[in-house]
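Okay, so here's the structure we're looking at.
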Amino acid sequence: MTAVKLLAPVSPHIAEELWEELGHDGFAVDADWPDAAADRETVEKRRRLVENTREDVREISDVAGIDDPERIDIVVTPEWKYEALEIAIDSDAPNVIGELMQHDDIKRHGDDAAAYGQDLQENREALQRTLDPDTEFEALEAAAWLVKREFDADVQVLAAEAADEEVAGRAEPGRPAIDIEE
Numbered sequence: 362m363t364a365v366k367l368l369a370p371v372s373p374h375i376a377e378e379l380w381e382e383l384g385h386d387g388f389a390v391d392a393d394w395p396d397a398a399a400d401r402e403t404v405e406k407r408r409r410l411v412e413n414t415r416e417d418v419r420e421i422s423d424v425a426g427i428d429d430p431e432r433i434d435i436v437v438t439p440e441w442k443y444e445a446l447e448i449a450i451d452s453d454a455p456n457v458i459g460e461l462m463q464h465d466d467i468k469r470h471g472d473d474a475a476a477y478g479q480d481l482q483e484n485r486e487a488l489q490r491t492l493d494p495d496t497e498f499e500a501l502e503a504a505a506w507l508v509k510r511e512f513d514a515d516v517q518v519l520a521a522e523a524a525d526e527e528v529a530g531r532a533e534p535g536r537p538a539i540d541i542e543e
């Protein structure tokens, strides 16, 4: 629908035909002009996420000496880590780990939650908000073709729940885990 609205000033006859085919009443040229859906900050975070992920895949391949990967799994962080990050950013408590352990859905991750809380505590001054888990997943899935094209490998973007637990445990908000198979 948006494409048809944008087409109307340049090619009104085609746009009006398409508008009618899409089942709209009236004229496309009279429809409200579309608003930009994404804000700049989100677009920049998505771009940076994809760029950093591609660089991480290159780096892992180089360090591991993998010249021709067969499969690349990109695993998005478990949701509890996003929640922990938000709590750490918003908290004024001197001990982030104690603050995190007050939340049952984080506390149930035991040693993993404590270790992640320690990382958050140590890097507290540099913590930044990231994309939410769904948006991060969508951004990586939409850009998977770039990794596939560069490495000529099968690429999967997986939610933490669908991935190997050990691999998913290495993921962090804004920094997915990467598993490369030769």
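Counting from 362, one number per residue, gives the positions in the sequence shown under the working numbering. Ideal placement from N, C-alpha and C gives every residue a C-beta, glycine not left out. Keep in mind it's a predicted model, so treat the numbers as computed, not measured.
Nonlocal neighbours in the same chain, by C-beta distance under 8 angstroms from residue i, ignoring five residues either side
i, result
"W394", "K366"
"Y443", "T491, D493, P494, P534"
Residue environment, residue i, which counts as buried when at least 16 other CB atoms sit within 10 Å
i, result
"T491", "buried"
"W506", "exposed"
"I539", "buried"
"G434", "For the sequence presented, residue 434 should be read as Asp rather than Gly. Its Cβ being crowded by 16 or more others within 10 Å, D434 is buried."
"L461", "buried"
"I521", "A small correction: the amino acid at residue 521 is Ala; Ile does not occupy that position in the sequence shown. Buried is the call here."
"K468", "exposed"
"L519", "buried"
"F388", "exposed"
"L383", "exposed"
"D471", "Position check: residue 471 holds Gly in this sequence, whereas Asp was assumed. Flag for G471 reads exposed."
"V508", "buried"
"V418", "buried"
First through last residue of the beta strand (DSSP E) which encompasses residue i
i, result
"A585", "Residue 585 lies beyond the range of the chain shown here (362 to 543); nothing can be said about it."
"R415", "Unbroken run through R415 is the alpha helix (DSSP H), 401–425; no beta strand (DSSP E)."
"Q517", "515–519"
"D466", "Premise fails: D466 lies in the alpha helix (DSSP H), 465–468, not in any beta strand (DSSP E)."
"V528", "Counting along the chain, V528 falls outside any beta strand (DSSP E), though it belongs to the alpha helix (DSSP H) covering 526–530."
"V457", "Premise fails: V457 lies in the alpha helix (DSSP H), 457–461, not in any beta strand (DSSP E)."
Close-in-space but distant-in-sequence residues of the same chain around residue i (CB under 6 angstroms, 5 per side omitted)
i, result
"K406", "L492"
"G478", "V457, I458, L461"
"L379", "V365"
Euclidean distance between Cα positions of residue i and residue j
i, j, result
"P373", "D400", "29 angstroms"
"R536", "E497", "10 angstroms"
"E486", "L368", "47 angstroms"
"R510", "D465", "42 angstroms"
"H385", "P370", "17 angstroms"
"P430", "P494", "27 angstroms"
"V528", "V436", "7 angstroms"
"E499", "D396", "21 angstroms"
"L410", "L501", "8 angstroms"
"E412", "T363", "28 angstroms"
"A376", "D515", "38 angstroms"
"E543", "V404", "33 angstroms"
7 angstroms Cβ shell around residue i - same chain, five flanking residues per side excluded
i, result
"A504", "V411"
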